[in-house]
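K.L.:
There's a structure below that I have some questions on.
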Amino acid sequence: MLSRSSLSRNAPRALSAGRRAMASSANPSFQYDVTETAGVKVANREVTGPTGTLALVAKAGSRYQPFPGFADALEKFAFKTTLKRSALRITREVELYGGEITSTHSRENVVLRTKFIADQLPYFTELLAETTSQPRFADHELNEVVKDLLKYQQQAAFARPENVALDAAHGVAFHRGLGTSITPSTNTPYEKYMSADAIAEYAKDAYSKSNIALVSVGPNAADVNKWVGQFFKDLPTGSSSSQFKVQPSAASKYYGGEQRIASKVGNAVVMAFPGSSAFGSPGFKPEATVLAALLGGESTIKWTPGFSLLSQATQEFRGLNVSTQNFAYSDAGLFTVTLTGRAEQVGAASKNVVDALKKAAAGEVSSEDIKKATALAKFRALESVQTLETGLEATGSGLVHGAKAYQIGEIAQAIENVSEQQVKDVAKSFLSGKATLVSVGDVFQLPYAEDLGLTV
Amino acid sequence: MSAPSLTNYIVKRPWLKRWMTPIAQWYTDAAGYRRLGLKFDDLIPEESETVQKAIKRLSSKEAYDRVFRIRRAVQCSISHTLLPPHEQTKPEEDVEYLSPIIREIEKEAKEREDLDNLVIRK
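Protein chains in written order, with the UniProt record's numbering: chain Z, 1 to 456; chain A, 1 to 122.
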């Protein structure tokens, strides 16, 4: 058992974060080694272990799609029939090797990910090269497989009110570009734009050499460049001139506003403000990530509401979920507070959220809480890079968007240097600037921005 | 989908092909389906899963034209008439439009069967 005195001895030590230098910044295994092989950017991280991961990140997410649903279709077409092999054969071969192939897309990227036993690296490198440089895009595959998958994805995505609200919040905040729906809603007439030929044109540009990056984590970093050089040399160099090419990225602009969507799937309110963009871009504001941790809402420790302002402020509402997030993109960010639960609770708790934000803006937050928030923000930033799920895309995205690769030491330093005044200022700017408010569900009960005291 | 045929045997031998082609053309024309405005692929029995799937994979224009030709032919058959010569199928129009898809589906089915019966030796 820990004695009372040892606790009281250790607590101040834990709080004085920043005294010790970042241990991980000195650890070379977190750093990606970036090279260019056969015109393709490759980020390597040598990690000893029996398995490896190779991911292909293409700058072709919903932000860059020429027509709605193209990023989804491209993602679903990954690892389907190529000019050399059928989709069935690819599936069976991967099963025999015991690997894992997945494809996902976000607002900015389409990510094809393979995981495998380390000595099968050549097979999976070839598979990634084949599916990107020689896809077949058969009409019947689009009609029989891809369109069905897309339909299920739509239903899954829009069955949750918070997804509907977050998607609408992006639309209200950024209009086009980043505001495009990540998956077209079930009411979107996207079918008329979609044909296998159009997707093929889009893929030719999306999977061109300058538009992709490969991210590899595994024990055989030296081999990766060799195999990539061999298999990826036939990739198109891009710049097709059709209307289906990857759309040029206009700089994102924040607009803000209010949207109310009547829905029977549940209730959600999203308050959004211009947040921090990804690390390495000019709009990177570490204070926004600290404020996100300070407002919080979800506890990181079991059986306790935690220190965060929102979980304290909404403690009396049972069954209400609050979370604060900063969605970071390559040239903009969206700081969101999401509330889900029963309509009357969401309505009442929204006021508490704005009050908590006002408290943070007025500086009525103990410096201890800000220290805790800084530590949590630092942990989250570091963890997101270390975890494969998020780290692969973040690294690849940094490469294709031309920002610098993630440097763990610098992120940690930037977050540690955030002062209380900066957190206060960013909260103030949220309250004074234009906010985004999206209410989904029983709009009869859900509040308007006017009621909450937000300017839209 | 196809009955046993000597086609491949003949096509591989140019002298035989040269010799057989006029006979084949006469025979196809004499079969009479072209005078009802049909194409050869319209005659493939469609009561099988493979052909049903192939018909689903036709483009909407091809599927429409196919139904149109069949209905027109049925109408001719009922009224015991032939189409006027300019509406009859010309030999150069009588091309495979369904068979390639059927062959592809058969290939897929065969590949699936082969993979299902795969034996792995290490």
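For glycine and all other residues, C-beta sits at the position ideal for the given N, C-alpha and C. Every value quoted in this text rests on a predicted model; they were computed, and no experiment measured them.
Among residues of its own chain, excluding the 5 on either side of Z/PRO305, which ones have a beta-carbon nearer than 8 angstroms to its beta-carbon?
P.N.:
SER299, SER311, GLN312 and GLN315
K.L.:
Please state the DSSP three-state secondary structure of Z/GLN421.
P.N.:
helix
K.L.:
With three or more C-beta pairs closer than 8 angstroms as the rule, is the region 249–265 of chain Z touching the region 436–449 of chain Z?
P.N.:
yes
K.L.:
Does the beta carbon of Z/LEU88 come closer than 8 angstroms to any beta carbon on chain A?
P.N.:
yes
K.L.:
By the criterion of Cβ-Cβ separation under 7 angstroms, what are the contact partners of Z/ARG92 in chain A?
P.N.:
Under the 7 angstroms cutoff, chain A gives LEU115.
K.L.:
Over what stretch of residues does the alpha helix (DSSP H) that includes A/ARG66 continue unbroken?
P.N.:
Note, A/ARG66: alpha helix (DSSP H), 60–78.
K.L.:
Of the residues Z/SER439, Z/GLY433, Z/GLN65 and Z/GLN421, which one's Cα is nearest the Cα of Z/ILE199?
P.N.:
Z/GLN65
K.L.:
Tell me whether Z/ALA55 sits in a helix, a strand or coil according to DSSP, three-state version.
P.N.:
strand
K.L.:
Rounded C-beta distance between Z/PHE79 and Z/THR131? I'm assuming under 8 angstroms.
P.N.:
5 angstroms
K.L.:
List in chain order: all unbroken alpha helix (DSSP H) runs of 4+ residues lying wholly within the UniProt domain "Peptidase M16 N-terminal" (47–179) of chain Z.
P.N.:
70–76, 87–97, 121–133, 147–157 and 161–174
K.L.:
With distances taken Cα to Cα, identify the nearest neighbour of Z/PHE307 among Z/ALA87, Z/LYS285 and Z/LEU376.
P.N.:
Z/LEU376
K.L.:
Can you round the beta-carbon distance between Z/ILE415 and Z/PRO286 to whole angstroms, since I take them to be within the 8 angstroms contact cut?
P.N.:
5 angstroms
K.L.:
Is there at least one Cβ from chain A nearer than 8 angstroms to Z/LEU96's Cβ?
P.N.:
yes
K.L.:
Rounded C-beta distance between Z/VAL365 and Z/LEU309? I'm assuming under 8 angstroms.
P.N.:
7 angstroms
K.L.:
Among Z/ASN321, Z/PHE244 and Z/SER350, which has the Cα closest to the Cα of Z/PHE67?
P.N.:
Z/PHE244
K.L.:
Within 8 angstroms (strictly less), CB to CB, does Z/ALA21 reach chain A?
P.N.:
Reliability of the predicted coordinates at Z/ALA21 is poor, the pLDDT of 40 falling under 50, and the value obtained from them is presented with this limitation in mind. So no, Z/ALA21 is outside the interface.
K.L.:
Would you say Z/ARG136 touches the ligand ADP, meaning its beta carbon is less than 7 angstroms from a heavy atom?
P.N.:
As for the ligand ADP, it is missing from this structure, which has no ligand bound.
K.L.:
Report the neighbours of A/GLU108 on chain Z: residues whose CB is nearer than 8 angstroms to its CB, in chain order.
P.N.:
SER86 and LEU88
K.L.:
Are the CB atoms of Z/PHE317 and Z/ALA288 nearer to each other than 8 angstroms?
P.N.:
no
K.L.:
Going by the CB atoms, is the gap between Z/GLU100 and Z/GLY76 shorter than 8 angstroms?
P.N.:
It is worth fixing the name first, because residue 76 of chain Z is Lys in this sequence and not Gly. Result no, Cβ atoms of Z/LYS76 and Z/GLU100 do not sit closer than 8 angstroms.
K.L.:
Using 8 angstroms as the Cβ pair cut-off and three pairs as the minimum, do the region 101–108 of chain Z and the region 53–65 of chain Z touch?
P.N.:
yes
K.L.:
Is it buried or exposed, Z/VAL124, if we count other Cβ atoms within 10 angstroms and call 16 or more buried?
P.N.:
A quick correction: the sequence has Phe, not Val, at residue 124 of chain Z. So Z/PHE124 counts as buried.
K.L.:
To the nearest angstrom, report how far apart Z/VAL418 and Z/ALA373 are at their CA atoms.
P.N.:
Our two residues, Z/VAL418 and Z/ALA373, have alpha carbons roughly 11 angstroms apart in a direct line.
K.L.:
Nearest chain A C-beta to Z/HIS140 closer than 8 angstroms, yes or no?
P.N.:
yes
K.L.:
Would you call the region 171–182 of chain Z in contact with the region 246–253 of chain Z, where contact means no fewer than 3 C-beta pairs closer than 8 angstroms?
P.N.:
yes
K.L.:
When the cut-off is 8 angstroms and only beta carbons count, does Z/VAL400 lie next to chain A?
P.N.:
no
K.L.:
For Z/SER276 versus Z/VAL57, is the C-beta distance shorter than 8 angstroms?
P.N.:
Contact flag unset, no.
K.L.:
Please list the partners that A/ILE55 has in chain Z, where partner means a Cβ-to-Cβ separation under 9 angstroms.
P.N.:
Those within 9 angstroms of A/ILE55 in chain Z number zero; the least Cβ separation is about 11 angstroms.
K.L.:
Take the Cβ of Z/THR340 as the centre, count every other Cβ of all protein chains shown within 10 Å, and call the residue buried at 16 or more, exposed below.
P.N.:
buried
K.L.:
Can you tell me whether Z/SER384 is helix, strand or coil according to DSSP?
P.N.:
helix
K.L.:
What's the gap between the Cα of Z/PRO28 and the Cα of Z/ASN44?
P.N.:
Any answer about Z/PRO28 is weak, because its pLDDT of 46 lies below 50 and its placement is not dependable; what the coordinates show is given next. Approximately 12 angstroms, taken between the alpha carbons.
K.L.:
Run down chain Z in chain order and give the residues with a C-beta less than 8 angstroms from the C-beta of A/GLU49.
P.N.:
Here the premise fails: no neighbours, minimum Cβ distance about 14 angstroms.
K.L.:
Below 8 angstroms on the Cβ atoms is my contact criterion, and I expect Z/ARG160 with Z/ALA293 to pass it. Report the Cβ-Cβ distance as a whole number of Å.
P.N.:
Actually they do not touch by this definition, with Cβ atoms about 24 angstroms apart.
K.L.:
Could you say which of Z/GLU144, Z/THR53, Z/VAL246 and Z/ASP205 lies nearest to Z/GLY391 if we only look at CA atoms?
P.N.:
Z/THR53
K.L.:
Can you name the residues of chain Z whose CB is closer than 8 angstroms to the CB of A/ILE120?
P.N.:
LEU96
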